[in-house]
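Using my numbering, you'd call the opening residue of the sequence shown number 393 and step up by one each time.
All residues carry an ideal CB built from backbone N, CA and C; glycine is no exception.
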Amino acid sequence: MKLDVFIVEDMKVDARILTVILESYFEEKHISYSIQTYDTGLAFYSDYEEGYINPNMVFMDIFLPKSNGLELCKKMREKGFNGDILITSETKDHSLDAFSVDARAYICKPYNATEIYNILQRVCQYSSIRTYTFKIRI
393 MKLDVFIVED MKVDARILTV ILESYFEEKH ISYSIQTYDT GLAFYSDYEE GYINPNMVFM
453 DIFLPKSNGL ELCKKMREKG FNGDILITSE TKDHSLDAFS VDARAYICKP YNATEIYNIL
513 QRVCQYSSIR TYTFKIRI
């Protein structure tokens with residue numbers, strides 16, 4: 393089994409940078425993973441709602457074309473999503489709003505690999521990934 397990570401980001405360069413950082417972290421920690429990206433929140437949410445995808449971890453940009461990432465996360469939580477949500481944004485303006493969707497982190501762009509490694513270390517230690525990893529070891 394593997395960790396299913398989704399990046400919802402309309403800026404291709406930002407999505408690619410985040411993907412490279414995540415790949416490096418998961419490889420270093422020997423965590424089996426898959427990473428998929430969506431460039432629109434509506435397409436991601438539609439696939440989630442229809443059951444086509446089952447994320448363990450979601451990196452959600454706030455400002456997406458035709459949608460708001462925080463609102464999509466709120467809908468996911470209302471539908472029972474208990475995985476890890478990490479909010480991304482170009483500003484700190486909505487950092488307190490991330491609490492409303494039980495986000496594990498609020499990450500400001502441009503991405504910093506050290507900061508993301510530290511966040512992932514904390515998230516992996518205290519969240520669904522820890523449980524997920526525990527289940528694998530049984």
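Nearest to ILE477 by C-alpha distance, out of ASP494, ASP489 and ASP485, is ASP494. Assignment of THR432 by DSSP, reduced to helix, strand and coil, places it in the coil class. The DSSP-derived three-state label of ILE508 is helix. Shown here for LEU464: same chain residues with a beta carbon closer than 6 Å to its own, the five before and five after excluded, namely GLY433 and TYR437 in chain order. Excluding five sequence positions before and after SER459, the CB atoms of its chain that fall closer than 6 Å to its own CB belong to GLY433 and LEU434, given in chain order. Collapsing the DSSP output to three states places ASP439 in a helix. Linking SER481 to ARG496 through their CA atoms gives a straight-line distance of about 14 Å. Taking a C-beta distance under 7 Å as the contact criterion, TYR503 and SER487 do not qualify as a contact pair. Here the alpha carbon of ALA490 sits roughly 16 Å from the alpha carbon of LEU456.
PHE398 is bridged by DSSP to GLN428 and VAL450. DSSP places ILE477 in the strand class (E or B) of the three-state scheme. Residue environment: GLU401 is assigned as buried (16 or more neighbouring CB atoms within 10 Å of its CB, all protein chains considered).
One alpha carbon belongs to GLU420, the other to GLU470, and they sit about 34 Å apart.
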